[in-house]
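S.K.: Can you read through this structure? Questions will come right after.
Protein chains: 2
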Amino acid sequence: MLTVTALEGLPEVTPGDDLAELIANRLVDQQQAIEPGDVLVIAHKIVSKAEGRIRHLGTVDPDQAARELANTLGKDPRHVQVILDESREVLRAERGVLICVTRHGFVCANAGVDASNVPGADTVVLLPENPDRSARNLRAQLKHHTGTAPAVIVTDSFGRAWRHGQVDIAIGCAGLQPIEDWRGRTDATDRPLKATAIAIADELAAAADLARTKDGSLPLIVIRGADRHVTAEDGPGAAALIRPEAQDLFR
Amino acid sequence: MLTVTALEGLPEVTPGDDLAELIANRLVDQQQAIEPGDVLVIAHKIVSKAEGRIRHLGTVDPDQAARELANTLGKDPRHVQVILDESREVLRAERGVLICVTRHGFVCANAGVDASNVPGADTVVLLPENPDRSARNLRAQLKHHTGTAPAVIVTDSFGRAWRHGQVDIAIGCAGLQPIEDWRGRTDATDRPLKATAIAIADELAAAADLARTKDGSLPLIVIRGADRHVTAEDGPGAAALIRPEAQDLFR
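Chains A and B are the protein sequences, given in the same order. First residue of the first sequence: 64, per the numbering used here; consecutive thereafter. First residue of the second sequence: 64, per the numbering used here; consecutive thereafter.
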């Protein structure tokens, strides 16, 4: 059995905060022990805020390309400039939507640059510079503060090709096998499984999202019962979930 | 808190079986009561088997198009013929992969035609003809057998553009709000949420997959604690999650 529990009451996070310490304090206050084998799922926004990955649009001077794109899409040119700064490539720019390849290699709307759940007008939050590194650091610091190193997943909500609605996915992780690869093993009828590799980290991110509400400020979720995917090592991180462009049929 | 629990011990399902009765018996045997607000997540394969959505490759006579495609992809021409029979359109046919739009409108590998976890060589399982109808029927019959109508989700494992690994998604559902639409509402800082619609049915499907193993024959999962997405009416079904071609930027 899997249980998915939200941790309540985290204070507003600001740049420079020791996020691991804030989380450790919440765990104590909520009398929620972290056990080895637990997975701590964290909405990236508080990670980004703690890491200072915030931009104030008042300080952004959009260039010609950003102005033209903003005009086409009906967006704020300064917001578009920040999106372009975070992008390696723009895949689509139509119908008010900007689908980008981020500098990390994620394909998502607006390169993950987001204005919701951010206090202060004209402030946007970026994705962490290296979400796998963020997850590794948090895991190490949680071990320091609590004595236990849970698996850590950093998430964002991404839209999908072909399907309506967003789902939370893993943009960073540590202490977790992000993909469970069944290729070479057999199914229940002893037939070889040819193409079955399960994106465990993304399924955990999706499960965690069900325990929160978008307006409820519940960025922290503990998942218990997924022990078999939890590892002693930090592992390859969520970078292992990115399909390289050369192997991708839909760009 | 959300709990995700696998129901063990379902017998091998064959065409014509009363799946709702089999499930009801399993619930009794495992002393697992179904409560209103529960979500029963069912891997489509047992639904397809009960509905007779099986083809024996010995009876399939591949045409010229199927033979040529099979030759290019290194697949069994009879298997390719079945895939084409289930497809409205083939989007990509390269690197041994056939990405199709199914007759329902799903975009997935091999039109969902699958040979794993099927007893008997040369037998393949198709997706249910109308997975939303399957979910509605199961829900009604579970109500008949148990007195309670849980939400029902029928799932399959789909690959994704841009990301490695498969995740389980909802191909059919009943008694559930498949998408939670936050557009027009506000976030925790009272800012309007512009583009947030969460694919709840897909997140539930993904969460359920974490409670099973691919070789363990655990097609039935009960999720408790997602009550706020469960509805008295059958609702729009998973068809509401399909992005129409005209709105899709990646075909």
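Beta carbons: idealized from backbone N, C-alpha and C, even for Gly.
What number of angstroms, rounded off, separates the C-alpha of residue 136/B from the C-alpha of residue 237/A?
M.R.: Taking the straight line joining both Cα atoms gives about 37 Å.
S.K.: Pull up the CB-CB distance for residue 224/A and residue 224/B, whole angstroms please, since I reckon it's below 8 Å.
M.R.: With 8 Å as the limit, residue 224/A and residue 224/B qualify as a contact, their Cβ atoms being about 4 Å apart.
S.K.: Would you say residue 295/A and residue 241/A are within 8 Å of each other, going by their C-beta atoms?
M.R.: Result no, Cβ atoms of residue 295/A and residue 241/A do not sit closer than 8 Å.
S.K.: Taking residue 224/A as the query, report the chain B residues whose CB atoms sit under 9 Å from its CB, ordered along the chain.
M.R.: Neighbours of residue 224/A on chain B, chain order: 170, 223, 224, 225, 306, 311, 312, 313 and 314.
S.K.: Going by the DSSP bridge assignment, what does residue 231/B pair with across the sheet?
M.R.: DSSP output for residue 231/B lists 220/B as bridge partner(s).
S.K.: So that I know if they touch, is there some Cβ in chain B lying closer than 8 Å to that of residue 161/A?
M.R.: No, residue 161/A lies away from the interface with chain B (no Cβ there is under 8 Å from its Cβ).
S.K.: So, with DSSP's three-state summary, where would you put residue 106/B?
M.R.: It is a strand residue.
S.K.: Sort 269/B, 281/B, 305/B and 259/B by Cα distance to residue 89/B and report the nearest one.
M.R.: Checked all of 269/B, 281/B, 305/B and 259/B; the closest Cα to residue 89/B is 281/B.
S.K.: Looking only at DSSP bridge pairs, what is residue 70/A linked to?
M.R.: DSSP lists 283/A as partners of residue 70/A.
S.K.: Taking only three categories from DSSP, how would you classify residue 139/A?
M.R.: Three-state DSSP puts residue 139/A in coil, outside helix and strand.
S.K.: Touch check for the region 106-114 of chain B and the region 66-81 of chain B: three-plus C-beta pairs under 8 Å?
M.R.: Yes, they touch.
S.K.: Mind reading off the beta-carbon distance from residue 288/B to residue 66/B? Whole number of angstroms is fine, and I expect it under 8 Å.
M.R.: Going by Cβ atoms, the distance from residue 288/B to residue 66/B rounds to 6 Å, so yes, they are a contact pair.
S.K.: For my contact list, residue 176/B and residue 145/B are in at a C-beta cut-off of 8 Å; report their separation, rounded to the angstrom.
M.R.: Yes, residue 176/B and residue 145/B are in contact; Cβ-Cβ is about 5 Å, under 8 Å.
S.K.: Whose Cβ in chain B lies nearer than 8 Å to the Cβ of residue 136/A?
M.R.: The premise fails here: residue 136/A is roughly 13 Å from chain B at the closest Cβ pair, so nothing lies under 8 Å.
S.K.: Hey, residue 101/A and residue 285/A are a contact pair by Cβ (cut 8 Å); roughly how many whole angstroms apart?
M.R.: About 6 Å; that satisfies the 8 Å criterion.
S.K.: On a Cα-Cα basis, can you pick out the residue from 306/A, 291/A and 202/A that is closest to residue 86/A?
M.R.: It is 202/A.
S.K.: Just verifying my parser: in three-state terms, what is the DSSP assignment at residue 86/B?
M.R.: It is helical.
S.K.: Spatial neighbours of residue 191/A within its chain, please: CB distance less than 7 Å, with the 5 preceding and 5 following residues excluded, ordered by chain position.
M.R.: For residue 191/A, where only same-chain residues beyond five positions count, the Cβ hits under 7 Å are 107, 110, 111, 114, 116, 197, 217 and 235.
S.K.: How would you call residue 134/B, buried or exposed, if buried means at least 16 neighbouring beta carbons within 10 angstroms?
M.R.: Flag for residue 134/B reads exposed.
S.K.: Out of 184/B, 205/B and 268/B, which has the shortest C-alpha to C-alpha gap to residue 98/B?
M.R.: Measuring from the Cα of residue 98/B, the nearest candidate turns out to be 205/B.
S.K.: Counting only Cβ pairs nearer than 8 Å, list the residues of chain A close to residue 380/B.
M.R.: Limits of chain B in this structure are 64 at one end and 314 at the other, which puts residue 380/B out of reach.
S.K.: Who are the neighbours of residue 155/A on chain B, taking C-beta pairs under 8 Å?
M.R.: The contacting residues are 312 and 313.
S.K.: With distance defined between alpha-carbon atoms, name the residue in 130/B, 121/B, 91/B and 168/B nearest to residue 71/B.
M.R.: Ranking the options by Cα distance to residue 71/B, first place goes to 91/B.
S.K.: Step through the CB atoms of chain A and report whether any lies within less than 8 Å of the CB of residue 302/B.
M.R.: Output row for residue 302/B: interface = no.
S.K.: Nearest-angstrom Cα distance between residue 233/B and residue 220/A?
M.R.: Approximately 18 Å between the Cα atoms of the pair.
S.K.: By alpha-carbon positions, which one of 274/B, 262/B and 126/B ends up nearest to residue 292/B?
M.R.: Taking only the C-alpha atoms, the option nearest residue 292/B is 262/B.
S.K.: Across which residues does DSSP place residue 260/B in a beta bridge pair?
M.R.: Residue 260/B pairs with 244/B.
S.K.: Which same chain residues end up closer than 7 Å to residue 316/B when comparing Cβ atoms and leaving out the 5 residues on each side of it in sequence?
M.R.: Because chain B in this structure spans residues 64 to 314, residue 316/B falls outside the shown range and cannot be described.
S.K.: Whole angstroms are fine: how far does the CA of residue 264/A sit from the CA of residue 160/B?
M.R.: Cα-Cα distance, rounded: 24 Å.
S.K.: Interface residues of chain B around residue 234/A at Cβ under 9 Å?
M.R.: Residues of chain B passing the Cβ test: none, with the nearest at roughly 11 Å.
S.K.: Residues bridged to residue 155/A by DSSP?
M.R.: Residue 155/A pairs with 162/A.
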